[in-house]
Each structure stands twice: as structure tokens, then as C-alpha cells.
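Under this note's numbering, residue 440 is the last one in the sequence shown; the count climbs by one each step, no gaps.
No residue lacks a Cβ here, since even glycine has one placed at the ideal position from N, Cα and C.
Computed from a predicted structure; not experimentally measured.
Have a look at the structure below before the remarks.
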Amino acid sequence: MKVPYIHLGQQHEPIKQEILKSVEALLDNGNYILGEEVSTFEKRFAALCQTKYALGIGNGTDTMILSMRALGIGAGDEVITAPNSYLASASSIALTGATPVFADVREDYNIDPAQIEKAITKKTKAIIPVHLTGRPADLDAIMTIATKHNLHVIEDCAQAVGARYKNKSVGSFGITGSFSLHPLKNLGACGDGGVITTNDEKLFSYLSKARTHGHSSRDEVDFWSFNSRLDNLQAAILNIKFNSLEKWNNRRREIAERYWKGLHQLPMYVPKDKEYEHAVYHTFIIQTDKRDALMTYLREQGVDTKIHYPVPIHLQKAAAYLGYKKGDFPVTEKQCETILSLPVFPQLDNEQVDYVIEKINSFYKK
Ligand SMILES: Cc1ncc(COP(=O)(O)O)c(C=O)c1O
Numbered sequence: 075m076k077v078p079y080i081h082l083g084q085q086h087e088p089i090k091q092e093i094l095k096s097v098e099a100l101l102d103n104g105n106y107i108l109g110e111e112v113s114t115f116e117k118r119f120a121a122l123c124q125t126k127y128a129l130g131i132g133n134g135t136d137t138m139i140l141s142m143r144a145l146g147i148g149a150g151d152e153v154i155t156a157p158n159s160y161l162a163s164a165s166s167i168a169l170t171g172a173t174p175v176f177a178d179v180r181e182d183y184n185i186d187p188a189q190i191e192k193a194i195t196k197k198t199k200a201i202i203p204v205h206l207t208g209r210p211a212d213l214d215a216i217m218t219i220a221t222k223h224n225l226h227v228i229e230d231c232a233q234a235v236g237a238r239y240k241n242k243s244v245g246s247f248g249i250t251g252s253f254s255l256h257p258l259k260n261l262g263a264c265g266d267g268g269v270i271t272t273n274d275e276k277l278f279s280y281l282s283k284a285r286t287h288g289h290s291s292r293d294e295v296d297f298w299s300f301n302s303r304l305d306n307l308q309a310a311i312l313n314i315k316f317n318s319l320e321k322w323n324n325r326r327r328e329i330a331e332r333y334w335k336g337l338h339q340l341p342m343y344v345p346k347d348k349e350y351e352h353a354v355y356h357t358f359i360i361q362t363d364k365r366d367a368l369m370t371y372l373r374e375q376g377v378d379t380k381i382h383y384p385v386p387i388h389l390q391k392a393a394a395y396l397g398y399k400k401g402d403f404p405v406t407e408k409q410c411e412t413i414l415s416l417p418v419f420p421q422l423d424n425e426q427v428d429y430v431i432e433k434i435n436s437f438y439k440k
């Protein structure tokens, strides 16, 4: 049996004709930039996240850069985030001119509030918790720290569309929520895309201009800014995919539960969300000291797995100027050697999931 890590063609198959029809209609009417499809998508996204506003942006990284610029964060400021995330959680900080500061994570891959407190200095302006793997970070503790130290919280929800913490959607806790619509995400475009959520009217008004050169009207501009808009064609596709989001996220949760039942008795860490967390399992990452051997064995058995991510951000060449060294974030560094992402895309059938479970069990019996 073959179990791919992901298969986007399979995801699009049942909705292909609908997508082609909507793309064709747009090709004919010529509304390519900030059209009705983007507005419709934004309304639906805001409703999903229980926020007043949602704004379609060119990609997830820009959602964070623009949010920080809107908050006046830049040179001389520090922003705290997790070193085990995708690099954009940190590069976005650096690209505003501010300094990324890292705080180690817990076993469940999310930032450790106790480590955040230790990393706060007089220069700290914001915290970027990442809801990594689609599991909400410890938001109560993070929001309490942020209030105590008067810091902004910009939630990196790139991997967590549809996730909830105590029945409240991620992206509605911080001053802004940053989402990626990259094709591999739980709600993915057929290209790049991103969304900012917020309840703050002033920020919304700034960001509405900031994503489109700083224009206040067709011929006037209030400030210099980027061109980073969600493409209308992508929004049309996303509006169709949106109809399946809840079903797909629930299927991810079902697969995660099946993995947990079949694997938790083995000598490895197997993720399981707490009863007040509603994780959407963008990735399903186990931890095992035999990671490399298991990965090779599974490949030989036809099961594709990945590592998210093998090199922590603080040890990347791009981050060398920050002066971090090996040993600074022991939990993250250990996880880099033990983590393995199993296939968890919603189109997997139970037979495939059971096959992965069976092969992992037989690896441990060897
Ligand atoms: C945690 C995290 N933050 C930020 C990003 C950046 O999003 P994008 O690739 O859409 O710029 C990604 C995804 O790539 C991500 O996984």
C-alpha cells in the first residue's frame, strides 16, 4: 500500500468542476483585484473566527509584517516568538526592523508562557504565539502575561484555521490573527494567500490601505506600503473550498484520534488535544528517539512522512546575527531530533491510517 504525505489533486477532485466554472466566470468578467469574491471570503472568514473584520492579504508572512507595522513595531523593538515554528514567524519580525526573541516550547510544540516571561525586556512590544500543528497555544496564560506587561499579541494562526480554545476561535484573542492560505494549509488556495483577523476598527482601517500601497482612494495615498492583496481568483476558489473546511477539519481530528488509539501505548509522544482545545491537526507529529530509523522503515513500507522542522529557527544561518547558540532552547532542539509528521490529510481512508499504525507497531516489535 502507498500512503502519500499529502495529495492535493485528490482534495480538489470532487470540487473541480465547480472551481473551473467560477474561474471561467471571472476570466470573462475581468474582476481580478479585490473583487466581490474577496469581500465574500472576508465576511465568511470573520464569521468563522468570530471577529468583526477579516482582510485578505497576499500571503501569511505579509499578514504578520503588516500587523506589526500597523502597531508601529519596528527598529529598536523586540518581539517574542517560538524557535520551533516555520521560519516566517521570526523573519516577519526581522523584516519590520524589529528583533526576534525566542522563548522555548512545551512538549505539545507550543510556546511556554513561563519562558515568555523570562524573555521580556524593556524593548519587548509584542508576543507572537504560534498555534503550531493546528493546536491552540496556552492562550489564557499568554493573554494574562501580555496584559500584565502591556504587550500586543499577534496570533500566528497559519496552521490553525478553525481551531478553538475554550470554544473561542483562534485569531480572536490577540489584537490581530495571522492566517496563511498556502496550498498545504487546512484551507489552502491554489497559490499564495493570507488573512488578517481583528476586532480593532482603527487597525482594520489602516490595514485596508496598507495591503494596497497605502491608497485611501483610487488616486490618493496616505502612506507608503506594500502591494499584498488576496487574489480574487484565489478567493473564488477559496469560497468553494470553504464549504468543506469543517468536514475536512473534522476528518483530520478523526484520523488523529485513530492514530492516538493505535499508537499511544508505544514508547513515543503521541499528540492529543485537551478537552478545552479544539485542534485541527494541520500536522500530526509524534516524538521518538528512533525517528530516523522509523522514517526510513516507513518509507520502505510505502508511507511518506516529513519533519516539521529539522532545523530550529535560532540555529538558521539567517538568524546568526541574533547571537543564539546550540543549547539555548533545549526542548525545541531535542524535538528537532525526535519529531516525525505522519500523513493526516482529510482524504486518507481508514485503511491507510490503519496501515500506518500497523507499520509503526511492527517497527517497534522488530
Ligand atoms: C507557522 C507559520 N507561520 C507563518 C507561515 C507563513 O505563511 P505563508 O507561507 O503564507 O507566507 C507559515 C506557512 O508557511 C507557517 O506555517
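Please say whether residue j and residue i have beta carbons closer to each other than 9 Å?
{"i": "GLN124", "j": "SER243", "result": "yes"}
{"i": "VAL179", "j": "VAL430", "result": "no"}
{"i": "ALA211", "j": "VAL204", "result": "yes"}
{"i": "GLY148", "j": "MET142", "result": "yes"}
{"i": "ASN260", "j": "VAL354", "result": "yes"}
{"i": "PHE403", "j": "ASN158", "result": "yes"}
{"i": "GLN86", "j": "ILE93", "result": "Before going further, note that residue 86 is His rather than Gln in the sequence given. The answer is yes: Cβ separation under 9 Å."}
{"i": "PRO345", "j": "THR250", "result": "no"}
{"i": "GLY245", "j": "PHE253", "result": "yes"}
{"i": "LEU258", "j": "ALA144", "result": "no"}
{"i": "GLN308", "j": "ALA263", "result": "yes"}
{"i": "SER237", "j": "GLU351", "result": "Sequence inspection shows Ala at residue 237; the Ser mentioned does not correspond to that position. Yes, the pair counts as a contact, with Cβ atoms nearer than the cut-off."}
Between residue i and residue j, what straight-line distance do the alpha-carbon atoms span, to the nearest angstrom?
{"i": "ALA330", "j": "TYR239", "result": "18 Å"}
{"i": "SER163", "j": "LEU140", "result": "13 Å"}
{"i": "SER282", "j": "GLU110", "result": "15 Å"}
{"i": "ARG441", "j": "ASN306", "result": "Beyond the ends of the chain as shown, which are 75 and 440, falls residue 441; an answer cannot be given."}
{"i": "ARG303", "j": "ILE434", "result": "43 Å"}
{"i": "LYS343", "j": "HIS287", "result": "The residue you asked about is not Lys; residue 343 is Tyr in the sequence shown. Spanning the two alpha carbons is a distance of roughly 46 Å."}
{"i": "ALA99", "j": "ASN224", "result": "48 Å"}
{"i": "PHE316", "j": "VAL112", "result": "13 Å"}
{"i": "GLU275", "j": "MET217", "result": "20 Å"}
{"i": "ILE107", "j": "ILE270", "result": "18 Å"}
{"i": "PHE437", "j": "LEU340", "result": "11 Å"}
{"i": "GLU120", "j": "TYR398", "result": "Per the sequence shown, the amino acid found at residue 120 is Ala instead of Glu. Straight-line Cα distance between these residues: approximately 38 Å."}
{"i": "PRO384", "j": "TYR160", "result": "10 Å"}
{"i": "SER299", "j": "ILE360", "result": "41 Å"}
{"i": "GLN426", "j": "ASP296", "result": "54 Å"}
What does residue i pair with, by DSSP beta-bridge criteria?
{"i": "VAL301", "result": "Checking the displayed sequence, the identity of residue 301 turns out to be Asn instead of Val. Note: ASN301 sits in a beta bridge opposite THR286."}
{"i": "GLN361", "result": "TYR343 and ILE413"}
{"i": "ILE270", "result": "LEU129 and SER252"}
{"i": "HIS226", "result": "ALA200"}
{"i": "PRO174", "result": "VAL153"}
{"i": "VAL77", "result": "VAL377"}
{"i": "VAL179", "result": "ILE185"}
{"i": "ILE107", "result": "ASP305"}
Can a CB atom of chain B be found closer than 9 Å to the CB of residue i?
{"i": "ASN158", "result": "The chain labelled as chain B is not found in the depicted structure, where only one protein chain is given."}
Please classify residue i: does DSSP put it in a helix, a strand, or coil?
{"i": "ALA164", "result": "helix"}
{"i": "PRO384", "result": "coil"}
{"i": "ILE185", "result": "strand"}
{"i": "ARG238", "result": "strand"}
{"i": "HIS205", "result": "coil"}
{"i": "GLU349", "result": "coil"}
{"i": "SER159", "result": "coil"}
{"i": "SER96", "result": "helix"}
{"i": "VAL430", "result": "helix"}
{"i": "SER246", "result": "coil"}
{"i": "VAL295", "result": "strand"}
{"i": "PRO257", "result": "coil"}
{"i": "LYS399", "result": "coil"}
{"i": "LYS391", "result": "helix"}
Less than 8 Å between the CB atoms is what I'm expecting for residue i and residue j, so what's the real figure, rounded?
{"i": "ILE219", "j": "ILE190", "result": "6 Å"}
{"i": "LEU414", "j": "MET369", "result": "6 Å"}
{"i": "THR137", "j": "ASN313", "result": "Between ASN313 and THR137 the Cβ distance is about 19 Å, and since that is not below 8 Å, they are no contact."}
{"i": "ILE131", "j": "ARG285", "result": "6 Å"}
{"i": "ILE154", "j": "THR198", "result": "6 Å"}
{"i": "PRO386", "j": "THR406", "result": "5 Å"}
{"i": "PHE176", "j": "ALA156", "result": "7 Å"}
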